[in-house]
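Protein sequences, first through last, are from chains A and B. Mapping to this note's numbering: the first sequence position 316 is 316, numbers consecutive. Mapping to this note's numbering: the second sequence position 272 is 1272, numbers consecutive. Built from N, CA and C at the ideal position, the CB exists for glycine as well.
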Amino acid sequence: MLKHLFKLIWKRKKMNFLMMFEIFFSFLILFAVWTLGIYNYQNYARPSGLETDNVWVAFFDFNAPNDTIKAEYKELVRQQLTRYRAVHSFAFTSTNAPFTFSSMNNNVDYNKKTTMSEVMRVEPDFPKVMNMKVSEGRWFNETDKAGNYRPIVITRHLKEELFGNESAIGKTLGNGDGANSNDPKMKVVGVVDYFKHKDDFQKLSNCIFQPSDIWDDTMVMKVQEGSGAELEAQISKEVARLGKDWSIEIQQMDNMKSNRNNLVLVPVLILLIVCSFLVFNVALGLFGVLFQTISRRKQEIGVRRAMGATQGAILWHFIGETAVIATFGLILGVFFAVQFPLLNVFDVEAGVYLLGILMAVISVYVLVSICAFYPSRQASVMQPAIVLHEE
Amino acid sequence: MLLNYLKITLAVLQRRKFFTFISLFGISLTLTILVVATAFIDHLIAAGYPEINRDRSLYIWNIKQKDTKNDGQSSGPISFSFINTYVRSLKTPAKIAAVSMPSTINIYLNNHKLNVRYRYTDSNFWDVTSFDFLEGKNYTEQNIANNDYVVVINDYVRDEYVGKGQPAVGKMIEIDNVNYRIIGVVRGCPITRIHVSSDLYFPYNTSKADLKKVDLRGNFAAIILPNNLSDIPKIQTEFNVVASKIKLTDKGDKWFKPDKLFVSADSYITSFTRQFKGDGEDDGVGYFFTIVLGIALLFMSLPAINLVNINMSRIMERASEIGIRKAFGASSKTLAMQFVIENIVLTLIGGVIAVFLSLGVIYYLNNSNLIAYIDLSFNWKVFSIAIFVSLLFGLLSGVYPAWRMSKLQVVEALKN
């Protein structure tokens, strides 16, 4: 039966070539959409490792002439903030605080292995503000500053990249400049499992937390639930009043996060709309063409019925034929699609691509079956006497 | 002859209504998406309120420093002092405006928070742009000399802060603990006018940053409006000479010692395309449009294949007609020509539908608040591109079936 179908299609390959080509193209589009969807969903489903509820981010601009004065200014801010009962905790961070638009990357090396990592400088209270859990070791504290090494906390992804299965605690890292670097070496004191600081769709990534420096003038703070514009106005007014030429802007981290999420979601949504239009277009086209082809093969159907084929057999014959055409298109498509995991384009796990291919193949078959069903049914209810009579 | 083709086309289209529907549906939606995308690109590139002089202006805003030895580079907006020292040294007469990159700030008002964007500009900014002042006027050289704390706001801020339709000029507005007097209210413009859109405009004397600080990099852009169009190349060469004389100072950064500098006075679009392709030499405009065209063709290919497929089915249906015409001596060329024309007529009908659909979409986008103040327009540029794309689409999907048809053997065609 299957051999028969393949033979039929192969004989008419010139006729069916366009349809195969169309299915090939649709497959590629569906593959892209599914892969993108699965990839983003997989990342979305992972825990974020931080909480943004009631977290505010304050951006200070002290216009300070030098670092000593800036350090004094920052101390003034700290004293002021402890006066508010609604502010539970706060920590200065570097400008690349979670969900801001800036980013800071550096090379780190261990045992001749070098990799890129985000570097975030934060004060010891940072995990308290963001409600982060350290899964191994501990977070650094004020007393760590005294040592010869700079204490750091790293994400599990970075730990696995540099140390594999070994424990990371107590290991020292260089900053990618080799032995002749003047910077103090970094010593790992803790590991966090997850830290999604760009958006909810961020993949597992490298991040290093270092103790904060004098020039860090962004701040995260956890406030009382239900605090609104009133507290925000009070804080920014009273803090800005402490110094001349200060500027302060407070943003809700929830809003910042949803802004960043939209940056991922909106393009995906536009792509989805455009692709579903394309696929719908193809489906309508296939439907029309199949209708046409089947109605041109009336005699053949008549003969088949006269020779004893049942209605069901005719129905399945035509759906099967279309499925075989789709298979030819899919073979070509899958050939191209498997190049992605094989060549490791875009640094995505092979499993995501394979699942994408599988879902795209299923989608194409479902689509084609739906398009073929009605024309095939029309074919199956033809009466041999009437169809053959026309001839 | 042409009229004859047209008649046949319409007759054929009416014969198989379902096929006509599928074809037209595909064509018109494909073209609608392309036309709306074109309108959007046109909106991004072309001059528009309040930047109506964009095509006659030059923009300097990005400076790139390169360290060819360590293979590092760093780039960003130019500083206010850069504009004063280098840009304003140009001899060719022109208006030179300085405008900062936008920042955001919160304004608080009775437990209500307003997040607004603001810029610092000089007084020339109001000459190179042409804002509609709903009330009051812009600040002048005199205001800056007097160190006046004044601000120009847009209608959105006025409606939120002062109240809808109420006079705002003369009222005070408190931002970051500093009181500013509202001096003018302008009609707002979309955020897509990257160098001029903002909610608040401050004269640069109110800036808290030290603008006198000598540094190449900063937070400003310069817009140059020459007296006439022919001055543009002159200004560009003059600025290149100025830029080539800029000395790079070692800032003591041991990883980054820049030894090469790229900065140029470009037209609006070039000032962006140079970023992602240009290494100073190549302006990247060609590269940009190749990519846009490539995406459009890629997008069109699937609907085109679909149309080819449908057209093939239709030809087979008309095999007897073709056979008879061939038997009576019609050449393959005539038949192919007829079919291509038929297909172009079909796509043009689809194009007309697409024009109406895109008018609807553009109207919707302009009136919805998806992007505040957006003013997409369906102008002759967009229209001619729509027509061109329709013709291209018609040719793309008509040639192959026509070729197949013209190769049909008379005997084969007449057999049924």
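Exercise for review: Consider the Cβ of SER1301 of chain B: report whether some Cβ of chain C lies at a distance smaller than 9 Å.
Suggested key: In summary, chain C is missing from the structure at hand, where the protein chains are A and B.
Review point. Any C-beta of chain A sitting closer than 9 Å to the C-beta of VAL1087 of chain B?
Key: no
Point to revise | Stretch pair the segment 1369-1383 of chain B + the segment 1035-1052 of chain B: three plus CB contacts closer than 8 Å | key: Result yes; three or more Cβ-Cβ pairs closer than 8 Å.
Check your understanding: In chain B, what lies closer than 7 Å to SER247 of chain A by C-beta?
Key -> Here the neighbours are ASP1176 and LYS1208.
Check your understanding: For the alpha helix (DSSP H) that ASN261 of chain A lies in, which residues bound it at each end?
Key -> 253-296
Review point. Roughly how many angstroms lie between the CA atoms of SER1397 of chain B and TYR1156 of chain B, to the nearest whole one?
Key: 49 Å
Exercise for review: Could you list the residues in the segment 1112-1140 of chain B with a C-beta less than 7 Å from some C-beta on chain A, going in chain order?
Suggested key: HIS1112 and LYS1113
Exercise for review: Let me know the secondary structure DSSP gives TRP56 of chain A once reduced to three states.
Suggested key: strand
Review point. TYR1201 of chain B CB to nearest chain A CB: under 9 Å?
Key: no
Exercise for review: Over the uninterrupted alpha helix (DSSP H) stretch that includes PRO98 of chain A, give me the two end residues.
Suggested key: Run containing PRO98 of chain A: none; DSSP gives neither H nor E here.
Check your understanding: For GLN224 of chain A and chain B, any beta-carbon pair shorter than 9 Å?
Key -> Not an interface residue.
Review point. Excluding the five sequence neighbours on either side, which residues of its own chain have a C-beta within less than 6 Å of the C-beta of SER1406 of chain B, listed in chain order?
Key: SER1332, LEU1335 and ALA1336
Review point. If you draw a straight line from the C-alpha of GLN202 of chain A to the C-alpha of ALA45 of chain A, how long is it?
Key: 10 Å
Exercise for review: Identify each residue in the segment 1025-1039 of chain B for which the Cβ-Cβ distance to at least one residue of chain A is less than 8 Å, and report them in chain order.
Suggested key: PHE1025, GLY1026, LEU1029, THR1030 and ILE1033
**Study point:** Contact under 9 Å by Cβ, ALA1221 of chain B with ALA1098 of chain B
**Key:** yes
Exercise for review: Report yes if the C-beta distance between PHE406 of chain A and MET219 of chain A is below 9 Å; otherwise report no.
Suggested key: Any property of residue 406 of chain A remains undetermined from this structure, which presents chain A solely from 1 to 391.
Point to revise | Assigned secondary structure, CYS371 of chain A (DSSP; H/G/I helix, E/B strand, else coil) | key: Helix, per DSSP.
Review point. Where are the alpha helix (DSSP H) runs, 4 residues long or more, that stay fully inside the segment 1036-1099 of chain B, in chain order?
Key: 1080-1085
Check your understanding: Using the beta-carbon count (16 or more within 10 Å), is GLN1166 of chain B buried or exposed?
Key -> exposed
**Study point:** Contact the segment 221-238 of chain A vs the segment 1110-1123 of chain B: 3+ CB pairs below 8 Å
**Key:** yes
Check your understanding: How should THR310 of chain A be labelled, buried or exposed, when 16 other C-beta atoms within 10 angstroms of its C-beta is the threshold for buried?
Key -> So THR310 of chain A ends up on the exposed side.
Exercise for review: Would you decide whether ILE273 of chain A is buried or exposed? Buried here means 16 or more other CB atoms lie within 10 Å of its CB.
Suggested key: Exposed, since its Cβ has fewer than 16 Cβ neighbours within 10 Å.
Check your understanding: Where do the N-terminal and C-terminal ends of the alpha helix (DSSP H) with ARG156 of chain A fall, by residue?
Key -> 156-163
Check your understanding: So, is the C-beta of LEU1307 of chain B closer than 9 Å to a C-beta in chain A?
Key -> yes
Review point. From which residue to which residue does the alpha helix (DSSP H) around LEU5 of chain A run?
Key: 2-11
Exercise for review: Tell me the start and end of each unbroken alpha helix (DSSP H) in the segment 1299-1331 of chain B that is at least 4 residues and wholly inside, in chain order.
Suggested key: 1319-1327
Review point. Is any beta-carbon of chain B found at less than 9 Å from that of ALA360 of chain A?
Key: no
Check your understanding: LYS1260 of chain B bridges to which residues according to DSSP?
Key -> B:LYS1066
Check your understanding: Are the C-beta atoms of TYR1180 of chain B and some chain A residue less than 9 Å apart?
Key -> no
Point to revise | the segment 1204-1222 of chain B / the segment 1079-1098 of chain B touching (three or more Cβ pairs under 8 Å) | key: yes
Point to revise | Own chain, CB closer than 7 Å to GLY190 of chain A, minus 5 neighbours either side, in chain order | key: VAL134, GLU136, GLY137, ARG138, TRP139 and VAL153
Review point. Under three-state DSSP, which class holds ASN1367 of chain B?
Key: helix
Review point. Beta carbon of GLN252 of chain A, beta carbon of PHE1019 of chain B: below 9 Å?
Key: no
Check your understanding: Are there three or more Cβ pairs, one per stretch, closer than 8 Å when the segment 1049-1068 of chain B is compared with the segment 1028-1036 of chain B?
Key -> no
Check your understanding: Hey, does ILE208 of chain A have any beta-carbon neighbour from chain B nearer than 9 Å?
Key -> So, not an interface residue.
Practice item. Please confirm whether VAL1399 of chain B and VAL1345 of chain B have their CB atoms less than 9 Å apart. Key: no
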